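According to mature numbering (1 follows the signal peptide of the UniProt record, and there is no 0), the residues represented by the sequence shown are -21 to -1, 1 to 209, in order.
Yeah, the Cβ is synthetic: ideal placement off N, Cα and C, and Gly gets one too.
Predicted, not measured: the structure shown is a model, and the values here were computed from it.
Let me begin by presenting the structure, written as structure tokens, before commenting on it.
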Amino acid sequence: MYHQSFVTCVWCLAMAGMYSADLIAVALSEDMVRNSVKHQYISYHATALQYSVRIESPTYDGPFLGQQVLDSLYSTRHLTTRCPNWTMQDLSLQEKIILKTLDCLQTKYGSAPVLRQLLPHFHYPDIVFGVQIADTDITLSQLELCSEDGVLVPQSSSGAVPCAVVVHGLGAFSEGSQHLMGLAKVKVRQLRTLGFRVVELSHFELSCMSSDFYIQDKLLAACTTSLPNL
């Protein structure tokens, strides 16, 4: 098996939440990755695997890819993360939906919600803030984040619940259902692992955001219910 194919297989196992230290060690061998760097998919699969291992398999202690190899992978990636300092020009439909969602949240709750690239191995940033709830009154505050191995994690501050709004696009669901699939499911799982309460919004829910209680109910549900088993 070619190494780039092996990396893809180990990444697929990681997407399913299965991590084998022996397989990861081979997949993240710097010499092997360096020899495969020009192949189209290894640039994403290797970086996504490394970040996912750091998030979901903290007992794995190496080897990891060094920064020089990661930089070379990013330079050849066919899909790069987007800068959150967007304007409405030249945006994809998904990006426009995220910005409109941010605008709705800021209109209702002020400037606390902001765009952040929490997970560097995912294409789109998410909307993050802290939430404090008193009865049914909701107050949003800016969330303090720190970088751990390139991943942004919430810092505990003043009792606010760290919250991330993930806007799912057209391809996030299996056909004819509301069941998340693929990378969308992995993203939600990893954000929860990092300590975020995740508010999931579908692209078709944007029209509901004008309701006074729609997003409030979503926030209450995310921040007051028990976390699902990961």
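Verify whether the separation of the beta carbon atoms of alanine 178 and lysine 197 is less than 8 Å.
Position 199 of the sequence shown, counted from the first residue, corresponds to residue 178. Position 218 of the sequence shown, counted from the first residue, corresponds to residue 197. In the sequence on display, residue 178 carries valine and not alanine. Their beta carbons are under 8 Å apart, which means valine 178 touches lysine 197 by this criterion.
What number of angstroms, rounded off, separates the C-alpha of leucine 84 from the C-alpha of phenylalanine 192?
What you label residue 84 is simply residue 105 of the sequence shown in a count that begins at 1. What you label residue 192 is simply residue 213 of the sequence shown in a count that begins at 1. Going from the Cα of leucine 84 to the Cα of phenylalanine 192 covers about 12 Å.
Could you pull out every residue in the same chain whose Cβ sits closer than 6 Å to the Cβ of alanine 201, ignoring the five residues on either side in sequence?
Reading the sequence shown from its first residue, position 222 is the one you call residue 201. So the list reads Arg176 and Val178, once near-sequence residues are dropped.
The beta strand (DSSP E) that contains glutamine 111, what's its start and end?
The sequence position of residue 111 within the sequence shown is 132, counting from 1. Counting along the chain, the beta strand (DSSP E) containing glutamine 111 begins and ends at 105 to 113.
For valine 48 and isoleucine 106, the rounded distance between their alpha carbons:
In the sequence shown, counting from the first residue as 1, residue 106 sits at position 127. In the sequence shown, counting from the first residue as 1, residue 48 sits at position 69. C-alpha separation (whole angstroms): 30 Å.
Give me the Cα-Cα distance between glutamine 96 and glycine 174, rounded to the nearest whole angstrom.
For this step, residue 96 is matched to residue 117 along the sequence shown. For this step, residue 174 is matched to residue 195 along the sequence shown. Each residue's Cα considered, the two are about 15 Å apart.
Starting from the Cα of serine 126, find the closest Cα among Ser137, Pro99, Tyr103 and Gln111 and give me that residue.
The residue given as residue 126 occupies position 147 in the sequence shown. Closest option to serine 126, Cα to Cα, is Pro99.
How is histidine 147 classed by DSSP in three states: helix, strand or coil?
Here residue 147 corresponds to residue number 168 of the sequence shown, with the count starting at 1. Three-state result, histidine 147: strand.
Should glutamate 9 be labelled buried (16 or more other beta-carbon atoms within 10 Å of its own) or exposed?
Taking the first residue of the sequence shown as 1, we reach residue 9 at position 30. Result: exposed.
Are the Cβ atoms of isoleucine 76 and tyrosine 39 separated by less than 8 Å?
Taking the first residue of the sequence shown as position 1, residue 76 is located at position 97. Taking the first residue of the sequence shown as position 1, residue 39 is located at position 60. It is not a contact, given that the beta carbons lie outside the stated cut-off.
Look up aspartate 40 in the DSSP assignment and say whether it is helix, strand or coil.
As a position in the sequence shown, residue 40 is number 61, starting the count at 1. Coil at aspartate 40, not helix or strand.
To which residues of the same chain is alanine 143 closer than 8 Å at the C-beta, ignoring the five residues directly before and after it?
Locating residue 143 in the sequence shown gives position 164, counting from the first residue. So the qualifying residues of the chain are Leu97, Asp105, Ile106, Val107, Leu170, Phe175, Arg176, Val177 and Val178.
Identify whether leucine 52 lies in helix, strand or coil by the three-state DSSP scheme.
Taking the sequence shown and counting its residues from 1, one reaches residue 52 at position 73. Leucine 52: helix per DSSP, three-state reduction.
I need the straight-line Cα distance from methionine 129 to tyrosine 30, nearest angstrom please.
Counting from one through the sequence shown, the residue named residue 129 turns up at place 150. Counting from one through the sequence shown, the residue named residue 30 turns up at place 51. Reading off the sequence, residue 129 comes out as glycine, not methionine. Taking the straight line joining both Cα atoms gives about 8 Å.
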